[in-house]
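For reference, the structure discussed in these notes is given below.
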Amino acid sequence: MGGKLITVLSGGGGGAKFVDGLSRLTQNFSVIANTGDDIEIYGLHLSPDVDTLMYTLSGELDIKKGWGINKDSFVCQNYLKLLGHEDWIKLGDKDLAVHIKRTELLKTGKSLTEVTSELCKKFGINIPILPMTDDFFQTHIQMESCTVHFEEYYIKKLEGDIKKIIYKGKKNASPSENFLNTLKDSDWVIIPPSNPLVSIGTILSLKSIKKRIRKKKVIGISPLIQGRAVKGPLATMMKSLNYEVNSFGVAKYYEDLLDIFIVDKIESNIAERIKRELDIEVLMTNTLMNTRNDRTRLSKFVLNKMIE
Ligand code: GDP
Ligand code: FO1
Numbered sequence: 009m010g011g012k013l014i015t016v017l018s019g020g021g022g023g024a025k026f027v028d029g030l031s032r033l034t035q036n037f038s039v040i041a042n043t044g045d046d047i048e049i050y051g052l053h054l055s056p057d058v059d060t061l062m063y064t065l066s067g068e069l070d071i072k073k074g075w076g077i078n079k080d081s082f083v084c085q086n087y088l089k090l091l092g093h094e095d096w097i098k099l100g101d102k103d104l105a106v107h108i109k110r111t112e113l114l115k116t117g118k119s120l121t122e123v124t125s126e127l128c129k130k131f132g133i134n135i136p137i138l139p140m141t142d143d144f145f146q147t148h149i150q151m152e153s154c155t156v157h158f159e160e161y162y163i164k165k166l167e168g169d170i171k172k173i174i175y176k177g178k179k180n181a182s183p184s185e186n187f188l189n190t191l192k193d194s195d196w197v198i199i200p201p202s203n204p205l206v207s208i209g210t211i212l213s214l215k216s217i218k219k220r221i222r223k224k225k226v227i228g229i230s231p232l233i234q235g236r237a238v239k240g241p242l243a244t245m246m247k248s249l250n251y252e253v254n255s256f257g258v259a260k261y262y263e264d265l266l267d268i269f270i271v272d273k274i275e276s277n278i279a280e281r282i283k284r285e286l287d288i289e290v291l292m293t294n295t296l297m298n299t300r301n302d303r304t305r306l307s308k309f310v311l312n313k314m315i316e
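Each residue of the sequence shown is one higher than the one before, counting from 9 in the numbering used here.
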């Protein structure tokens, strides 16, 4: 790999766990964070995937929930509820402080990239977490009877078929400068087991990004194991949108980008099919990241393949 950087595209769940493992083996990478989940709540700018990455890498994450800060309290949120505020999205007191600080810094005219970098410094994180864009971008989910922000769909666990994913802002949003620079300096791009439709697809929807990534070596890891998501609505979403709900469907989604795809070791049939029908090199290993060891082991597996 020499001194070359690695670019990792990431959502907040599977992506953050993988990045955590990778950070224990190398510091030579940057993380591009999906900002399609960004939303304004109580006038504050939330950047859920940036925050999950930040809390994970700093060891502050509430691991049990998979989001928010460990041992946080909800005094402010509970009081807001008493005052009649909607509380479908739970904001812990410490978490709120982060959103207040972010919003305040953004109001001074700083970009989301600059603000994220400042926050990361406070959290003692050396790995660059780079928002995919500094421009307005929100992922919305169109359902039969309504269209909602992805956060609302995700947190309220809304049921029913989804009709369309809307990348709001896509036309006017540019990839951040740091994203483009990091990509330029990278030989390899890693697509960890994140949601292809609303975490990675969001990043890939930005102008020129797919074209730039095609010039790199790309290694991806399936977020589905035996057709099931480890967490979250991916399987339901894929079914609604008529994708095959398994690792083959994910490989097909990334078909024009992938050089190597990693599927779980219990998926040998699917692995064969991906090789045969999509002509992508497929590797098999345990892809479930339950423990810190799992995370490092999977990252090592990926790094070893890059060194070969
Ligand atoms: P989100 O922003 O919270 O949705 O997180 P990501 O987009 O980064 O990741 C969500 C996806 O990661 C889901 O589809 C999960 O199935 C997948 N995922 C989470 N943990 C694991 C894991 O340990 N192994 C694998 N293979 N996939 C995982
Ligand atoms: N996830 C939940 O399931 N329930 C919540 O109330 C919730 C609040 C929340 C607040 C701030 C934040 O940064 C993330 C939060 N999350 C919550 C997680 C978030 O919905 C997910 O990370 C999604 O963005 C999926 O990627």
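Note that the Cβ used here is the ideal one computed from N, Cα and C, for glycine as well.
Since we're looking at a predicted model, the values are computed, not measured.
V238 carries a coil assignment under DSSP once its states are collapsed to helix, strand and coil. Exposed is the label assigned to G132, since fewer than 16 other Cβ atoms lie within 10 Å of its Cβ. E167 has its CB no nearer than 8 angstroms to any heavy atom of ligand 2. Under DSSP, I40 takes part in a beta bridge, and its partners are L17 and L138. By the neighbour-count definition (other C-beta atoms within 10 Å, threshold 16), T299 is an exposed residue.
Inter-segment contact for the stretch 159 to 171 and the stretch 81 to 99 is present: three or more beta-carbon pairs are separated by less than 8 angstroms.
Out of F37, L311, P56 and P231, the CA that lies nearest to the CA of H107 is found in P56.
If you ignore the 5 residues before and after F26, its C-beta comes within less than 6 angstroms of the C-beta of P200, all in its own chain and listed in chain order. Every unbroken stretch of the alpha helix (DSSP H) spanning 4 or more residues and falling wholly within the stretch 117 to 186 is given here in chain order: 120 to 130 and 158 to 163.
Boundaries of the alpha helix (DSSP H) harbouring K115: D101 to K115, taken from the DSSP string. Under DSSP, D272 shares a beta bridge with T293. Ranked by Cα distance from G92, the options Y50, A237 and S230 are led by Y50.
Ranking S207, L69 and I198 by CA distance to the CA of K313 puts I198 first.
Following the DSSP letters along the chain, one finds D195 inside the beta strand (DSSP E) bounded by residues S194 to I199.
The C-beta distance from I270 to L17 rounds to 15 angstroms, too long to fall under 8 angstroms, and the pair is not in contact. If you draw a 10 Å sphere on the C-beta of R303, you find 16 or more other C-beta atoms in it, and that means buried. Judged by DSSP secondary structure, I47 falls within the beta strand (DSSP E) whose first and last residues are I47 to I49. For L212, the enclosing alpha helix (DSSP H) stretches over residues G209 to L212. Remark: the shortest separation between the CB of K73 and any heavy atom of ligand 2 falls under 8 angstroms.
Here the alpha carbon of K178 sits roughly 10 angstroms from the alpha carbon of T141.
Here K308 carries a helix assignment [DSSP, helix/strand/coil].
DSSP places K25 within a helical segment (H, G or I) once states are collapsed to three. Secondary structure at L54: strand, using DSSP grouped into helix, strand and coil. The three-state reading of DSSP puts L69 in strand, counting E and B together.
For L91, DSSP assigns no beta-bridge partner whatsoever.
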